[in-house]
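Residue numbers 304 to 756, in this note's numbering, belong to the letters of the sequence shown in order.
Ideal Cβ placement from N, Cα and C applies to all residues, glycine included.
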Amino acid sequence: MLRQNGVKYDEIKATMRVPKSTVARYETMLKNGGKPRSTPGPRPVLSTALEDDIYSRVVAMQMAGFPVGRTEICAKAHLVCEVLNIRCVTGGWYQRFLGRYPDLTIRVAQVVSRARNGLTKDAMITLFGTLQKLVIELKLDATRIFNMDESPFLSRTKSKTVVALRGSHNVWTTEPPSSVHISYVACVSATGLLVPPLFILPGARVTEDIALAANVSDCRVTCSEKGLINCEIFFEWLVMFHEAVPPSVARPLVLTFGGYRSHLSSKIVNRTETLGIKLVCLPANSTHLVQPLDVAVFAPLKKAIRRHVHTSTLTGGASSMSKAEVIRVACNSWRDGMQSVNCVRGFAGTGIYPPSLPRMYKRIELFSSGGVKKERPLMKPWDTSWVQRQQVRQDVLLLPAPMVSKTKVKKRKTVDVSERLLTAAMINQELQASAQQKPAKAKKAVKKRRTTV
304 MLRQNGVKYD EIKATMRVPK STVARYETML KNGGKPRSTP GPRPVLSTAL EDDIYSRVVA
364 MQMAGFPVGR TEICAKAHLV CEVLNIRCVT GGWYQRFLGR YPDLTIRVAQ VVSRARNGLT
424 KDAMITLFGT LQKLVIELKL DATRIFNMDE SPFLSRTKSK TVVALRGSHN VWTTEPPSSV
484 HISYVACVSA TGLLVPPLFI LPGARVTEDI ALAANVSDCR VTCSEKGLIN CEIFFEWLVM
544 FHEAVPPSVA RPLVLTFGGY RSHLSSKIVN RTETLGIKLV CLPANSTHLV QPLDVAVFAP
604 LKKAIRRHVH TSTLTGGASS MSKAEVIRVA CNSWRDGMQS VNCVRGFAGT GIYPPSLPRM
664 YKRIELFSSG GVKKERPLMK PWDTSWVQRQ QVRQDVLLLP APMVSKTKVK KRKTVDVSER
724 LLTAAMINQE LQASAQQKPA KAKKAVKKRR TTV
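Right under this line is the structure:
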């Protein structure tokens, strides 16, 4: 372009820092109808078409709920090279591959079970209809609708990203584990009212240290066999919940929660009718979608817990945390991590209050198609028609299988264990003994048939 405008070689060399021979070579190539290369350096091992197929597979796997990482992408590239009998790609190919497809980036995948990802819109329609009916019939406002959930004190993470010295062989971190499983029950309203927490400890007795550590106003402590909520604890918690809501708030109250088995019984239903509480069970496997506590409240609380645990480790140096220390950390984290504004946003964002079916649908779309935004155009269109062609070849254009002579299936040889601890020699010995006994029995049976005839 510069040469076509009459710019001299010396001016191009001075401004672009490109040798005259390079400019002349490119000028000659363009005159002869050639096309300049887009990037310098050697050509990629895999062609653009093959890399497009790998890119398409990465996108398709994400949309199917099975996102791939560096290991699987490189493994597929190696298999392609082996099939084509060309030199294999190196570790640098992966970084250059990501550079050629700027749509792809490295993310931390959230683990979601198939059951959680299988929620349908019909369940959301039922939930929306239930909430809308209660709002109309009871003339509900934001002060009368609540959400409760149970969560463990600290979920252990396998690893985390840190800054370390380059060349370190192994980088590890210390996290003092709790000797027991402790959980807490949280409940919030659509206006941001925080019901005092209930801490559930395993066992049957509590100490004075635990009572001193529970320093959140009006919080409660109880025990169960496994440190989890059960029907009896939920039955008593309903009374605690009723007393925690100010009398100025009109009744009945609406309580949304996950439909666990420990939350439902005839005794609990009768108690809620007496206390003026309407129970609304959220759809199964939907807490990550429409549970305000899970969506907007628990994450800041968990961060506060980890921050306090880290501080306690640095200052105390203890290898484990006692029940009292866990309660103390949980109470301090409760004051720091539970924010009323997050509660309000959680109810609005999930479509619980005000009831909003479009917001519920939007929550489902976040987890559908692997999180790929349908309205966002990709830098490069992905195409999986090669998968359809392969399916047509296998299912439609299928040739008849070659004739294979049937062979008699041998009966498996087994040994009766009879609650013994057998070695390999003992098993082989018994198998050989049983093999020698069976032909003898067959001969005796033949002799008996001959004598009867």
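Item, Value
"Nearest neighbour of S275, chosen from S458, S324, L407 and S623 [CA to CA]", "Look at the range of the chain in this structure, 304 to 756, and you will see that residue 275 is not part of it."
"Exposed unless 16 or more other CB atoms sit within 10 angstroms - verdict on V749", "Because the pLDDT at V749 is just 48, under 50, the model does not fix this residue reliably, and the value given afterwards should be weighed accordingly. V749 should be labelled exposed."
"Selected residue, minimal CA-CA separation from V498, among L596, V718, P603 and A651", "L596"
"Simplified DSSP state of A493, which is helix, strand or coil", "coil"
"Best match in G402, L349 and M543 for proximity to N388 [C-alpha to C-alpha]", "L349"
"For I448, three-class secondary structure by DSSP", "strand"
"Sufficient close CB pairs (3 or more, under 8 Å) joining the stretch 637–649 to the stretch 593–611", "yes"
"For L407, the three-state DSSP class (helix, strand or coil)", "coil"
"Counted within 10 angstroms of its Cβ, other Cβ atoms place W540 as buried (16 or more) or exposed", "buried"
"Three-state secondary structure assigned by DSSP to V498", "strand"
"A363: CB within 7 Å of a non-hydrogen atom of the ligand GDP", "By its list of ligands, the structure shown contains no ligand whatsoever, and the ligand GDP lies outside what it can speak to."
"Assigned exposure category for S636 - 16 Cβ within 10 Å defines buried", "buried"
"Spatial distance of T525 from L578 (CA atoms)", "21 Å"
"Contact the stretch 649–668 vs the stretch 425–437: 3+ CB pairs below 8 Å", "yes"
"Pair within 8 Å by beta-carbon distance, F456 and S486", "yes"
"Residue from L422, V557, K570 and T393 whose Cα sits closest to the Cα of K436", "V557"
"Length of the line joining the Cα atoms of T754 and Q739", "Confidence at T754 is low in this model, with a pLDDT of 49, below 50, so the placement of that residue is unreliable and no value is reported for it."
"Distance CB(P658)-CB(L434) smaller than 8 Å", "yes"
"Residue from A380, K334, P370 and V371 with nearest C-alpha to E354", "A380"
"8 Å Cβ cutoff met for I667 and L422", "yes"
"Where E522 falls: helix, strand or coil (DSSP)", "Note that residue 522 corresponds to Cys in the displayed sequence, not to Glu. The answer is coil: DSSP assigns C522 none of H, G, I, E or B."
"Residues that DSSP places opposite D453 in a beta bridge", "Here residue 453 is Glu; the residue named in the question, Asp, does not match the sequence. Looking at the DSSP assignment, E453 forms a beta bridge with V488."
"Buried/exposed call for A489, threshold 16 Cβ in 10 Å", "buried"
"Limits of the unbroken alpha helix (DSSP H) element including I630", "K626 to G640"
"Which listed residue (T464, A327, L443 and V519) has its alpha carbon closest to that of L630", "Per the sequence shown, the amino acid found at residue 630 is Ile instead of Leu. Measuring from the Cα of I630, the nearest candidate turns out to be V519."
"Through-space distance from F538 to I571, alpha-carbon basis", "6 Å"
"Buried versus exposed, by CB contacts within 10 Å (16 or more), Q735", "exposed"
"C-alpha distance - C384 paired with Y404, whole-angstrom precision", "20 Å"
"Contact the stretch 438–449 vs the stretch 544–563: 3+ CB pairs below 8 Å", "yes"
"Continuous beta strand (DSSP E) stretch holding V583: start and end", "I580 to L585"
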